[in-house]
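In the numbering used here, the protein residues as written are 769 to 970. Ideal Cβ positions, reconstructed from N, Cα and C, are used throughout, including at glycine. Just so you know, these numbers come straight off a predicted model, no measurement behind them. Written out below as structure tokens is the structure these notes cover.
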DNA sequence: GGGCTGATTTGCT
DNA sequence: GCAAATCAGCCCG
């Protein structure tokens, strides 16, 4: 099984500044159970002074994981319909995280199509539609509320250095403003792999 | 290919 | 009450 060959990112990786982590996570492989994908788009949400960060309003039950230890998954529900996956960064008691916005599917394509209900569409869907958005990738990879707060050293959900046979070719990183927010819109804290088909939008 | 709408949780005003 | 780190289905053309 692929998971056994992978080298998980160390707990120390997540301690570094959030925007550094956001850039370095591009090209890494996100593994959730039997499904996995290469991270191609991220956003940083950085601390209590970032108006777009959930922790801007202080600690709540919903955002408490962000204030906890780095290297854990902050998963929240929004728009009454979708889950989003973040990885907590920096030190404990400083609320910061990287939102995973898109991945390129690697393993488990068929189960991803089933979870996304794309296997029964008439016009054959492009597989780029499986995981090219934060809500879509959570659905495709079965990332659910029960995993909120889980350690990324766990075998159920983790991030690893991709082995050469699945790694992206060398890429450039594009930085832009973040998507889907109304405050902090001027901050260029979104990053994506230039030219990758699975980026949610340009 | 674009615009509108519903899904229906969480937390603030 | 309503806006939110969204998406799919529908309408229209």
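Proximity to residue i [Cα-Cα], best of the options
i: residue 966; options: 904, 926, 931; result: 904
i: residue 867; options: 834, 897, 938, 860; result: 834
i: residue 846; options: 864, 954, 902; result: 902
i: residue 861; options: 836, 805, 937; result: 836
i: residue 851; options: 869, 874, 935; result: 869
i: residue 989; options: 916, 863, 804; result: Since the first residue of the chain shown is 769 and the last is 970, residue 989 is not available in this structure.
i: residue 777; options: 843, 920, 794; result: 920
i: residue 911; options: 882, 799, 900; result: 799
i: residue 810; options: 849, 932, 917, 899; result: 899
i: residue 795; options: 952, 886, 873; result: 873
Exposed unless 16 or more other CB atoms sit within 10 angstroms - verdict on residue i
i: residue 909; result: buried
i: residue 802; result: exposed
i: residue 812; result: buried
i: residue 775; result: exposed
i: residue 789; result: buried
i: residue 958; result: buried
i: residue 907; result: buried
i: residue 968; result: buried
Reduced DSSP secondary structure (H/G/I, E/B, other) of residue i
i: residue 773; result: helix
i: residue 905; result: helix
i: residue 820; result: coil
i: residue 825; result: helix
i: residue 862; result: coil
i: residue 965; result: coil
Residue i, enclosing alpha helix (DSSP H) - first and last residue
i: residue 786; result: 786-792
i: residue 946; result: Residue 946 -> no alpha helix (DSSP H), and no H or E assigned at all.
i: residue 879; result: 877-883
First and last residue of the uninterrupted beta strand (DSSP E) at residue i
i: residue 927; result: 925-929
i: residue 852; result: 850-856
i: residue 936; result: From DSSP, residue 936 is part of no beta strand (DSSP E); its letter is neither H nor E.
i: residue 845; result: 841-846
i: residue 807; result: 803-814
i: residue 800; result: 797-800
i: residue 783; result: Looking at the DSSP string, residue 783 is not in any beta strand (DSSP E), and its letter there is neither H nor E.
i: residue 958; result: 958-961
Could you tell me whether the stretch 873-883 touches the stretch 812-830, using the rule of 3 or more Cβ pairs below 8 Å? no
Any chance the stretch 823-832 sits against the stretch 926-938, with 3 or more Cβ pairs inside 8 Å? no
Could you check whether the stretch 852-862 touches the stretch 947-963, counting it as contact only if at least three pairs of C-beta atoms, one from each stretch, sit closer than 8 Å? no
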